[in-house]
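Notes for the one structure printed next.
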Amino acid sequence: MRNARRFLEDGDKVKISIVFRGREITHTELGMSMLKRVQEELKDVATIESPPRLEGRNMSMLVSPSQTK
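Numbering of the sequence shown is given in numbering that gives the first Met the number 0, commencing with residue 0 and proceeding in unit increments.
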């Protein structure tokens, strides 16, 4: 989380990915709640460019730095 905040403050985009292994794919709601928590913690420095979405066994979200500085 600290590195994501640092990248965003430097003006870079951050892609956050969760890889589901084995039978973890049946619990995608846990991955969604984890990405929502990340979204809440970074809301002061980031905006969501791509909302969380499931792509095969990967759930990913793209955040970009806020434009208000």
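Glycine residues also receive a C-beta, built at the ideal position from the N, C-alpha and C atoms.
_If the criterion is Cβ atoms closer than 9 angstroms, does the pair Arg77 and Arg20 meet it?_
This structure gives no information on residue 77, because the portion of the chain shown stretches from 0 to 68.
*Taking 9 angstroms as the cut-off, decide whether the C-beta atoms of Asp11 and Pro64 are in contact.*
yes
_Those residues which DSSP pairs with Lys14 across a bridge_ = Leu61
*Buried or exposed: Met0, going by 16 or more other Cβ atoms within 10 Å of its Cβ?*
exposed
*Taking Leu7 as part of the alpha helix (DSSP H), name the residues at either end of that continuous run.*
1-8
*asked:* Quick check: Ala3 and Leu41, are their CB atoms within less than 9 angstroms of each other?
replied: yes
*In terms of DSSP beta bridges, what is Arg52 paired with?*
Ser59
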